[in-house]
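In this note's numbering, the protein residues as written are 15 to 183. Backbone N, C-alpha and C fix where the C-beta goes; we use that ideal spot for every residue, glycine too. Bear in mind that the values here come from a model prediction, so they are computed numbers and not experimental data.
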């Protein structure tokens with residue numbers, strides 16, 4: 015029998031993966047409507063191109079960020095990602111959901127931000143009312159730890175196992 019070989023992870027990354035578990039949710043409101051930001055471990059596979067941002071916790075990169083960020087703020091996103099003027103991001107951050115502003119601080123796009131060599135890929139999704147957006151998030155373990163240390167995160171319930179029958183009286 016061939017022995018099972020597991021890849022080694024840095025202690026901090028292993029701890030963060032255990033902390034995320036099945037997933038974490040962060041509730042917020044935007045314009046009086048309830049929403050939730052969810053983080054899950056991303057499945058292995060090909061990674062899409064990302065856009066880099068800075069926040070108070072550090073640098074992070076989002077794939078296809080436009081749809082996701084449009085649910086963070088009441089300020090609409092500009093149609094062309096590269097066409098943002100200097101005035102736009104302060105306006106976007108001013109209209110950011112208060113809970114998300116407490117979590118991220120000001121979000122600012124970075125042109126030449128180097129992605130961390132030892133980073134983690136997460137699946138990120140936002141739901142607010144009927145609107146929903148999903149993306150992939152890449153960030154350093156230290157940045158993720160700083161975000162997860164903010165109050166408000168709650169574990170997501172694990173789905174029920176379909177192999178177990180449930181009978182109610």
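So residue i is in the alpha helix (DSSP H); what residue range does that whole segment cover?
i: residue 79; result: 79-83
i: residue 31; result: 25-34
Locate the beta strand (DSSP E) running through residue i, then write down its first and last residues.
i: residue 135; result: 134-142
If I'm right that residue i touches residue j with Cβ under 8 Å, what's the distance once you round it to whole angstroms?
i: residue 149; j: residue 82; result: 5 Å
Can you tell me which of the options puts its alpha carbon nearest to the alpha carbon of residue i?
i: residue 161; options: 56, 38, 20; result: 38
i: residue 146; options: 69, 61, 79; result: 79
i: residue 163; options: 21, 23, 34, 17; result: 34
i: residue 85; options: 68, 180, 29, 113; result: 113
Rounded to the nearest angstrom, what separates residue i and residue j at their Cα positions?
i: residue 72; j: residue 157; result: 5 Å
i: residue 88; j: residue 140; result: 14 Å
i: residue 111; j: residue 153; result: 22 Å
i: residue 76; j: residue 66; result: 6 Å
With 16 other CB atoms within 10 Å as the buried threshold, where does residue i fall?
i: residue 49; result: buried
i: residue 175; result: exposed
i: residue 134; result: buried
i: residue 61; result: exposed
Flag residue i as yes when its Cβ comes closer than 8 Å to any non-hydrogen atom of the ligand ZN, and as no otherwise.
i: residue 107; result: Within the structure as shown, the ligand ZN is missing, as the structure has no ligands at all.
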